[in-house]
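Visitor: Structure in structure tokens, see below.
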Amino acid sequence: MAELYSANNVTNPSAETGTVTGWIKDGAGTLQAVAGGTDGSYCFYLSPSSGLIRMRQEISGIVSTPELFLSVDYLPEYDQIDTNVNAKLTARINYSDGSYDEAVLPVRRDT
Amino acid sequence: MDWVLGELATIPVAWLRREVAVPVNTEKELLSVTLHASAVADGSGYWDYFQVLYDLTAEKLTGSDVVYIPLPAINAGTDDERVIFGAVKRCEIVAAHLVPESSLTGDDTNYVQLRLLRKSDDAIICTKTFVTGIDAPAWEVTDFGGVDPDNALLEIGDSVSLDIVHTAGGLFVDRYVLILQWNLA
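Top line first, the protein sequences correspond to chains A and B. With the numbering used here applied, the first sequence covers 98 to 208. With the numbering used here applied, the second sequence covers 49 to 233.
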């Protein structure tokens, strides 16, 4: 069966407003829209000043489905020389009974 | 893992593209998805084109069966409730739409509300309230909007009614077709 997916459910997925509208920053550091990217004219720049930083968005209104498709484009600011995963995309699937599933995509040049 | 051509400050550069299909537990009600990109230490970087899509091939999303119900005009101020559907199998309503023969223009003072009710407990399946800014153009399909999954499930023998309630002077509702999409549950 051919795959058939919905339209994108992410608000401001490519910073095309030139802002980070729709996203919440957790932690210390910088989250801003900058020129560049793979889709349109802008992308997000995310940089921790200490500890962990993240940009977060809650997506509701997704009807019951057997499968979600996640995708993101990433460009590290620095060449990564250690073996740690220093950046990742996480999708937490929240159910009405309070439970959740979590999918984690590490993003490294050598992943 | 793929590489895609992008830019940074007008300089062409290859970006890393990460994508994955994630299974969802369909025995539970999906409430929301929290998406977050995170970075620590040397993880500073640029992110673009976040996507969260869902599988449309699931019957539950598309509505495998559709019924079209022609309904008469209703005068402004005349409330009305009538049966429109009966469950001969265990099923669920997944969407509702209407196509009026003349435009229905919402009004904040004199408005009308259309509700689909599961009659066994009068649970509201979905609602469309025609206040200012909420219109239904003539001869076009207008969606009711979200369906409450808790109330959309019908056991054998359940019925669904269309309840029309006017507020103040109400609104005239011309003849229309109500479209119901439902699936086996």
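C-beta atoms are modelled at their ideal positions from N, C-alpha and C, and glycine is treated no differently.
Are there 16 or more other CB atoms within 10 angstroms of the CB of residue 127 (chain B), so buried, or fewer, so exposed?
Guide: Classification of residue 127 (chain B): exposed, given that the 10 Å Cβ count is below 16.
Visitor: Can you check whether the C-beta of residue 99 (chain B) is within less than 8 Å of a C-beta belonging to chain A?
Guide: Yes, because at least one Cβ of chain A sits closer than 8 Å to the Cβ of residue 99 (chain B).
Visitor: Between the Cα of residue 163 (chain B) and the Cα atoms of B:194, B:140, B:151 and B:72, which residue gives the shortest distance?
Guide: Answer by Cα proximity: B:194.
Visitor: Residues of the region 75-93 of chain B in Cβ contact with chain A at a cutoff of 8 Å, in chain order, please.
Guide: Against chain A - using a Cβ distance shorter than 8 Å - the residues of the region 75-93 of chain B are 76, 77, 78, 79, 80, 81, 82, 83, 84, 85, 86, 87, 88, 89, 90, 91, 92 and 93.
Visitor: Give the residues of chain B in contact with residue 132 (chain A), contact being defined as C-beta atoms less than 9 Å apart.
Guide: Here the neighbours are 55, 56, 57 and 58.
Visitor: In the structure shown, what three-state DSSP assignment does residue 136 (chain A) receive?
Guide: Three-state result, residue 136 (chain A): coil.
Visitor: Kindly give me the distance between the Cβ atoms of residue 156 (chain A) and residue 81 (chain B), rounded to whole angstroms, as I take these residues to be in contact under 8 Å.
Guide: 5 Å between Cβ atoms; contact.
Visitor: Looking only at its own chain, which residues have a Cβ that is under 6 Å from the Cβ of residue 202 (chain B), when we skip the five neighbours before and after it?
Guide: So the list reads 135 and 139, once near-sequence residues are dropped.
Visitor: What would DSSP say about residue 197 (chain B), mapped onto helix, strand or coil?
Guide: Note: residue 197 (chain B) maps to helix in three-state DSSP.
Visitor: With a threshold of 16 other CB atoms inside 10 Å of the CB of residue 190 (chain A), please say whether the residue is buried or exposed.
Guide: It counts as buried.
Visitor: In chain A, which residues lie less than 7 Å from residue 63 (chain B) when you measure between Cβ atoms?
Guide: Neighbours of residue 63 (chain B) on chain A, chain order: 135, 170, 171 and 172.
Visitor: Tell me the start and end of each unbroken beta strand (DSSP E) in the region 75-160 of chain B that is at least 3 residues and wholly inside, in chain order.
Guide: Complete beta strand (DSSP E) runs here, min 3: 78-88, 93-102, 113-119, 128-134 and 139-148.
Visitor: For chain A, find out if any of its Cβ atoms is closer than 8 Å to the Cβ of residue 191 (chain B); answer yes or no.
Guide: Taking Cβ atoms only, chain A never reaches closer than 8 Å to residue 191 (chain B), which makes this a no.
Visitor: Only counting the same chain, and skipping five residues up and downstream in sequence, which positions put a Cβ closer than 6 Å to that of residue 167 (chain B)?
Guide: Counting only Cβ-Cβ distances below 6 Å, and skipping sequence neighbours, we find 207 and 209.
Visitor: Give the range of the beta strand (DSSP E) segment to which residue 231 (chain B) is assigned.
Guide: Element bounds for residue 231 (chain B): 224-232.
Visitor: Using the Cα positions of residue 212 (chain B) and residue 204 (chain B), report the straight-line distance between them to the nearest angstrom.
Guide: If you take the alpha carbons of residue 212 (chain B) and residue 204 (chain B), they lie about 25 Å apart.
Visitor: Whose C-alpha, out of B:142, B:93 and B:125, is nearest the C-alpha of residue 115 (chain B)?
Guide: If we check each option's Cα against that of residue 115 (chain B), B:142 comes out closest.
Visitor: I need the straight-line Cα distance from residue 109 (chain B) to residue 133 (chain B), nearest angstrom please.
Guide: Only weak support exists for where residue 109 (chain B) lies, its pLDDT of 49 falling under 50; the coordinates are left without a value.
Visitor: Closest to residue 60 (chain B) by C-alpha separation, out of A:132, A:124 and A:127, would be which residue?
Guide: The option with the nearest alpha carbon to residue 60 (chain B) is A:132.
Visitor: If I measure Cβ to Cβ from residue 216 (chain B) and keep anything under 7 Å in the same chain, skipping five residues before and after, which residues do I get?
Guide: So the qualifying residues of the chain are 157 and 158.
Visitor: Counting contacts by CB-CB distance shorter than 8 Å, is residue 109 (chain B) in contact with chain A?
Guide: In this predicted model, residue 109 (chain B) has a pLDDT of only 49, less than 50, meaning its place in the structure is not dependable; the value taken from the coordinates is given anyway. Closer than 8 Å: yes.
Visitor: Please state the DSSP three-state secondary structure of residue 182 (chain B).
Guide: Of the three classes helix, strand and coil, the one that applies to residue 182 (chain B) here is coil, per DSSP.
Visitor: Just tell me which of B:77, B:184 and B:64 has its CA closest to the CA of residue 199 (chain B).
Guide: Selected option, being the one with the closest Cα: B:77.
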